[in-house]
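These protein sequence lines map, in sequence, to chains A, E, Z and D. Positions 0 to 287 (numbering that gives the first Met the number 0) are the ones given, in order, by the first sequence. Positions 0 to 319 (numbering that gives the first Met the number 0) are the ones given, in order, by the second sequence. Positions 0 to 315 (numbering that gives the first Met the number 0) are the ones given, in order, by the third sequence. Positions 0 to 327 (numbering that gives the first Met the number 0) are the ones given, in order, by the fourth sequence. Heads up, the beta-carbon is just placed ideally off N, CA and C, and yes, glycines get one too.
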Amino acid sequence: MAQNPDEKKRNEFLYFAMRNNKLKIGAAIILFFLVLAAIGPLLTDNEPTAFAGPMSDPPSAEFWFGTTFFGQDVFAQFVVGLRATFLVGAIGGGLATVIGMLVGFIAGYRGGIIDEALNVLTNIVLVIPTFALLLIIAAYLEVRGLFMESVLIGLTAWPWAARAIRAQTLSLRSREFVDLARMSAMKPLRIIFTEIAPNMMSYLVMAFILQFGGAILIAATLDFIGLGPTTGFSLGIMMQYAVLWGALPLGTWWWFVPPGAAIAAIVGALYFMNVGLDEVFNPKLRET
Amino acid sequence: MSLRVEDLTVYYQTLRGDVRALENATFSLADGEIMGMAGESGCGKTTLSNSLILLTPPMRYIKGRVVLDGQELPVSDIDGMNRYRFKEISVVPQYAMNAMNPTRKIGKMAEELLRSRGIDAHRVLPELKRRLDLVELDQDVLKMYPIELSGGMKQRMVMVLSTLMNPSLLLADEITSALDVSTQKAVAEMLVGFRDHKIVKSIIVITHDISILYQIADSILIMYAGQLAEKGPTETVIHSPRHPYTKLLITSLPKVGAKHDVTQLEGIPGKPPLLLDPPEGCRFRERCPVAFEKCVEVPPFLELDPDHFVACWKEIESNA
Amino acid sequence: MLKFDHVSKTYRVGTFGGKLLHAVNDVCLEVNDGEVVSLIGESGSGKSTIGKMILRLISITAGSITFNERDVSTLKGRDLKEYYREVQGVFQDPFSSYNPISKADRVFNIIRSNFYPGMDDRDWNERLHRSLEAVGMNPRHVMDKYPHQLSGGQLQRFLIARALLLDIQFLVADEIISMLDASTRIDVLNLLADLKERGLAILFITHDLSLGYYISENAAILYRGCIVEMGQTEKIYDNPIHPYTRMLMEAVPRLDRKWEGAKADLKAKQPNLSAGCVYYERCPMVDKTDDCRMMRPVLHEAEKEHFVACWRNGSS
Amino acid sequence: MRRYFSRKLLIYLITFFLAVTIDWLIPRLMPGDPIQNMLSRAALNANAAETMHTYYTHAFQLDLPVWQQYLSFWNALFHGDLGISTYLFPTPVAKVIKDAVPYDIFLLLPSILLSWWAGNKFGAFAARTKRLDNTVLPIAYLLTATPYMWLGILLAWVFGIILGWFPIAGAYSFTMGTQLTWVFVGSVLKHWFLPFASLFLVGFGGWAIGMRNMIIYELEADYSHYLEALGAPRRLIRRYAFRNAILPQLSGLALQLGVIVAGALVTEVVFSYPGIGYLILSAIQNQDYFLVQGCFLFIIIGVLLANFLIDIAYVIVDPRTRKGMVGE
């Protein structure tokens, strides 16, 4: 045989993943920004808020991203902001996916009244413009940390994941191997996590990637209108200050272009990876 | 009308190389003949029928000729075949139950399909209505959506649609397997009716259920692992088959009245070979009770008795 | 052993649960020790629903199912586990009965971890090999393989071996060979017959009349959730009484004789009357009485060991 | 059919009730005391402030027990009286919102509908060939990943500052009052264009991607293969596939409203476009209880209404749901 058929299932996924350039490009971009976020602050000894140089100085050898209206080093702010963005994405996206999994699995597996109730709850949170809700809650909080913002985003962004996971659980639940597991006196929770969940790994990964990107966008929007974390720094806050302190009329583009570009690149790369994964998992989308 | 297929070979492209799904198929079909095509899953019967009408990737044309009514069909040329599709050769697909666009009224869809093929839908309407009566479908089915029809009704509607242009060859792929026994009998008899009313000239019926073929087919072609095993009149193939595989296949079918404690039937040991890297020569030889050293060569598909073709060295030698 | 007492199952259907579908209504059935009963019905007749109710995979709407005089629907926790030690099922699609991402023999490990946690490896392997041989499989060829590397027939026999690991007394075989190729079908059927000889009771659910005949002493014909005819298999096949059974016998394509008899009426409407006989709409009998339309016929003994649910006893 | 809508209506009513309760509850938990806030701006001497404070507290019924405030809030709501804005005292909240709404509708409606329609057409077009799929679609991914405000800033910077084609603040030039002259309309359009473009582009990307995936699924569906087997031209197959792929995009539109509202809110802030978004932000900055309540309420009603309209449209357009209900 050309290939040992024993591991056919597993390396078929790897075989495709390696060849899918959408996946590779997306992953490369994310990696680049992760590295930048990790080692960035070490590259510059300026504190993000310190007045390190001349005001509104264009990018130069000394200040790679130039300086702000107050003479702060934009690059220093940028890399700290990157960390905040990845943190929000991870915590917010992660929390939303976890809640989505809980709701999706229980509703999908249990069915009946519980499914009905969870469905109504999901629909309500979906229909309510959660951003306006976030707006008000954020305004209420005196002190807002990055963690608090991420948790808030996580608590309101889970319906998307819940719907996808519920649909997939429903289809898997009717498969015969789940009935077989029930006839082997397996407890429902064990059935969910050993029989159903492993079969929808692709869905869980994709749901997480979409939630990760979504959380970043919502956080940046919140920060931009001044309701972001009061302590710490983020790309959204950078853009807020840039617009607030006349970066546009002054033409200091290097103050507001990099943060937005970074968010667009990261979230774009995430979506790109998501499509790549989609193609790897269901051949229909693969261009024949 | 006559169909002549010579050495038709079609493979499936997969990641691990080509699956040799159909190898050197050579047979012919007379005018007005209903040929049953049977074999276990993966024997290539659907590949053969698809390659006659819609040879699209992942199927890959290797070689072979198909002649219909004296004209050669450009089977490997996807667009070139358009001229023949629906008018000369048509199909009732395996997935007939959801072959109609769910969000379009059936009549509207038929009209647009006809117009897109340059046919004046208005002229064909009376004939369409007449055929609906033939298959006992109410005429206002044209104003309904597919979701409103039962399985059997959708099956018959697709049969009427596919044969609207009186094609000379109709491919009927597993049209009875999804139906209840009673509707199955009615639909099968309607298929024969299509030939008797000269709506279509001849039909190839693809199915895994040989007992249906015994009821409606004039001749039966048995396939195994991408190769033609045996073709002959229905009566001979069922009651006096010559290819070892056909013999074992027929005996392993439980007939009503066979009781386990009375006559213990025998299955065929082993399982069909994977066609990614099929065995040389006759592909049944690993499971064949009468295989001998000659079977390493591909047995030709010879006419050992009048109109009875067999691809087996044992039979060829016993004939000589 | 297993007794159905006026069991019914209704589903809410329609996109918003407006209508009620009587999948199974008022079924009485019995399967005794070491007996094979085939339940024959077309798609939508409720035969799989009956199978699933026995295996406690779906709830019962009305009536009761008792196994050795214990009511199945009330079993909980430990009792339910003991019930599964004696009652198991095998399903239609072999490839869907296995978790695609793990090896096929994982089904044995699940049984071991749930039912024989204490057993040491030597005893377990010995027991495993014995049940694999019982289903005519060589452990070396079939163990440690992914489901897609085994044939449908092998996978189904694997599931039967899994059931044999327990001290099984009753097996629900729900269309277990309809997805298999003709050649491998017979081996599985012969296996079931052998197990019957060794005292296993089997409910053999199928839509194929000839299969039902081949293996079971008693049979029940199901139509729209009601048992229309029941009794000794030979009696039903030799002298079918209910019009539906007769129609089935004629319509089934056979290898020994051609179709004759009247064309089936295709214009059957959906019977919405829940009171009268479910076959009323399609019943070809000429003298249908008001009873047929108003009252649901009850199974009565038309001849010894042969029950039928038809007021006219099929006498057309 | 009736049951389907009553079930849907039920969900919307529960949502509305819940949202209104949250709407009422949250401002109450706001830190600080709005009356104090308002008075501090009036710079009164101590005891005058004291009497004013008790007067206003009473006027705004803040001295009543909580549940009474809640009930009076509901019946005021039904009389369309959303209380008085403390930030823009004494104008009633309802009037303040009424002034902001036309700009919102003028901005949101065209941008949502146009981006939805254009995005779907573009997505279907891009799914035709592999080359198109790989060259054109990455742009759509980037667009949908772009934060609304960043795109707004970029557009403002490039077209507003550098090229100077469009103004980048307000809804019309400050020099003129609101009167119906061509000049005024011209100015409104010029101010409107950049926020519209910003909203349009981000939305456009999202719909294009969604349509690309949906249409590929539909082209792989059985009915497409059947048409192919009957020799139907690509054009007809693609048309059917598009019609069926657009349906999930319609219900997708309803679900995207929440996100689009957030985008509009931020874009208005970038261009200080006097819509509800800009209003709600200034209300929060000035801790104006009632204005925040009013704006949030209006957003809820708008989104719920839109969702309900889309549900109705979906049932009309998709025969499967309509016929499914009537079927057995």
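With 16 other Cβ atoms within 10 Å as the buried cut-off, status of residue i
i, result
"phenylalanine 69 of chain A", "exposed"
"proline 146 of chain Z", "buried"
"phenylalanine 295 of chain D", "buried"
"phenylalanine 85 of chain E", "buried"
"isoleucine 152 of chain D", "buried"
"methionine 17 of chain A", "exposed"
"serine 181 of chain E", "buried"
"serine 114 of chain D", "buried"
"asparagine 19 of chain A", "buried"
Under 9 Å between C-beta atoms of residue i and residue j
i, j, result
"alanine 301 of chain Z", "isoleucine 220 of chain Z", "no"
"valine 9 of chain E", "methionine 58 of chain E", "yes"
"cysteine 287 of chain E", "tyrosine 244 of chain E", "yes"
"glutamine 239 of chain A", "isoleucine 224 of chain A", "yes"
"isoleucine 57 of chain Z", "lysine 8 of chain Z", "yes"
"glutamine 87 of chain Z", "isoleucine 175 of chain Z", "no"
"glycine 218 of chain D", "alanine 126 of chain D", "The sequence given here places leucine at residue 218 of chain D; glycine does not occur at that position. Yes."
"valine 30 of chain Z", "glycine 224 of chain Z", "no"
"serine 167 of chain E", "isoleucine 88 of chain E", "yes"
"serine 95 of chain Z", "phenylalanine 176 of chain A", "yes"
"valine 265 of chain D", "threonine 220 of chain A", "yes"
"tryptophan 157 of chain A", "threonine 230 of chain A", "no"
"leucine 198 of chain D", "serine 110 of chain D", "yes"
Where the alpha helix (DSSP H) containing residue i begins and where it ends
i, result
"glycine 151 of chain D", "147–154"
"leucine 231 of chain D", "It should be pointed out that residue 231 of chain D corresponds to alanine in this sequence rather than to leucine. It is not in any alpha helix (DSSP H) - alanine 231 of chain D carries neither H nor E in the DSSP assignment."
"serine 71 of chain D", "65–77"
Rounded C-alpha distance that separates residue i from residue j
i, j, result
"glutamate 265 of chain E", "leucine 20 of chain Z", "42 Å"
"glutamate 71 of chain E", "alanine 220 of chain D", "30 Å"
"alanine 246 of chain A", "alanine 263 of chain A", "20 Å"
"isoleucine 13 of chain D", "valine 171 of chain Z", "46 Å"
"glycine 326 of chain D", "lysine 142 of chain E", "Bear in mind that the predicted position of glycine 326 of chain D carries a pLDDT of just 36, short of 50, making it too unreliable to give a figure here."
"leucine 278 of chain D", "aspartate 72 of chain A", "33 Å"
"glutamine 153 of chain Z", "threonine 183 of chain Z", "9 Å"
"phenylalanine 4 of chain D", "leucine 308 of chain D", "11 Å"
"glutamate 6 of chain A", "serine 150 of chain Z", "The predicted model places glutamate 6 of chain A with a pLDDT of 49, which falls under 50 and marks its position as unreliable; any figure quoted below should be read in that light. One C-alpha to the other measures close to 17 Å."
"serine 320 of chain E", "tyrosine 94 of chain E", "In the structure as shown, chain E starts at 0 and stops at 319, and residue 320 of chain E therefore has no counterpart that could be examined."
"aspartate 305 of chain A", "threonine 20 of chain D", "For residue 305 of chain A there is no data in the structure shown, the boundaries of chain A being 0 and 287."
"glutamate 81 of chain Z", "phenylalanine 114 of chain Z", "9 Å"
"asparagine 318 of chain E", "leucine 303 of chain E", "7 Å"
"isoleucine 214 of chain Z", "glutamine 148 of chain Z", "29 Å"
"leucine 42 of chain A", "leucine 30 of chain A", "18 Å"
"leucine 200 of chain D", "alanine 155 of chain D", "14 Å"
"proline 299 of chain E", "aspartate 276 of chain E", "20 Å"
Beta bridge counterpart(s) of residue i as assigned by DSSP
i, result
"proline 232 of chain E", "E:Ser218"
"valine 65 of chain E", "E:Val4"
"isoleucine 202 of chain E", "E:Ile33, E:Leu169"
"serine 170 of chain A", "BP columns for serine 170 of chain A are empty, so no partner."
"glutamate 302 of chain E", "E:Phe308"
For residue i, the first and last residue of its enclosing beta strand (DSSP E)
i, result
"asparagine 24 of chain Z", "18–30"
"histidine 305 of chain Z", "305–307"
"cysteine 291 of chain Z", "Note, cysteine 291 of chain Z: premise wrong, no beta strand (DSSP E); alpha helix (DSSP H) at 289–293."
"serine 63 of chain Z", "61–66"
"serine 72 of chain Z", "Run containing serine 72 of chain Z: none; DSSP gives neither H nor E here."
"serine 176 of chain E", "First-last for serine 176 of chain E: undefined, no H or E at that position."
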